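Contents: one structure, followed by commentary.
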Amino acid sequence: MAKPYLIGISGGSGSGKTTFIRELRSVFKQTDLCIISQDDYYFPKEQQRKDANGVPDFDRPSSINSKEFTDDLIRLIS
1 MAKPYLIGIS GGSGSGKTTF IRELRSVFKQ TDLCIISQDD YYFPKEQQRK DANGVPDFDR
61 PSSINSKEFT DDLIRLIS
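Quick note: the sequence shown uses the working numbering, first residue 1, plus one each step.
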């Protein structure tokens with residue numbers, strides 16, 4: 001069995017990461033691709049820091065539960 005690849009896609013908000021992943025997904029069979037989105041690891045809106053206008057700032061690194069994300073990635077590749 002061939003060793004799987006781990007590919008990370010990064011970029012700023014609205015840069016097209018999700019669009020790219022959707023296109024990539026269309027090229028592979030569903031059983032050949034596992035997608036983990038960091039969007040699924042945001043802390044709840046109520047826990048987010050707010051900007052000067054009182055709007056949650058999801059662009060801060062601290063807005064994501066990076067420990068859970070990292071733990072899940074490690075489990076996936078092990």
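Even for Gly, the Cβ is constructed at its ideal location relative to N, Cα and C.
From a predicted model like this one, the values you see are computed outputs, not experimental measurements.
Locate the alpha helix (DSSP H) running through residue i, then write down its first and last residues.
| i | result |
| --- | --- |
| Glu68 | Ser66 to Ile77 |
| Leu6 | No alpha helix (DSSP H) contains Leu6, which DSSP labels as neither H nor E. |
| Arg49 | Element bounds for Arg49: n/a, residue is neither H nor E. |
| Val27 | Lys17 to Val27 |
Roughly how many angstroms lie between the CA atoms of residue i and residue j, to the nearest whole one?
| i | j | result |
| --- | --- | --- |
| Pro4 | Ile77 | 9 Å |
| Ser13 | Ala2 | 34 Å |
| Tyr42 | Phe58 | 8 Å |
| Glu68 | Ile21 | 21 Å |
| Gln30 | Gln47 | 34 Å |
| Phe28 | Ile35 | 12 Å |
Who are the near neighbours of residue i in its chain, counting only those whose CB is closer than 8 Å to its CB and skipping five residues on each side?
| i | result |
| --- | --- |
| Lys24 | The sequence shown places Leu at residue 24, rather than the Lys named in the question. Answer for Leu24: Leu33, listed in chain order. |
| Arg49 | Pro56, Asp57, Arg60, Ser62 and Ser63 |
Leaving aside the five residues before and after residue i along the sequence, list all residues of the same chain whose C-beta is less than 7 Å from its C-beta, in chain order.
| i | result |
| --- | --- |
| Lys45 | Pro56 |
Hey, is residue i's beta-carbon within less than 8 Å of any beta-carbon in chain C?
| i | result |
| --- | --- |
| Asp39 | Of the protein chains in this structure there is only one, and it is not chain C. |
By Cβ distance, which residues of its chain are closer than 6 Å to residue i, with the 5 residues on each side in sequence left out?
| i | result |
| --- | --- |
| Gly11 | Lys17 |
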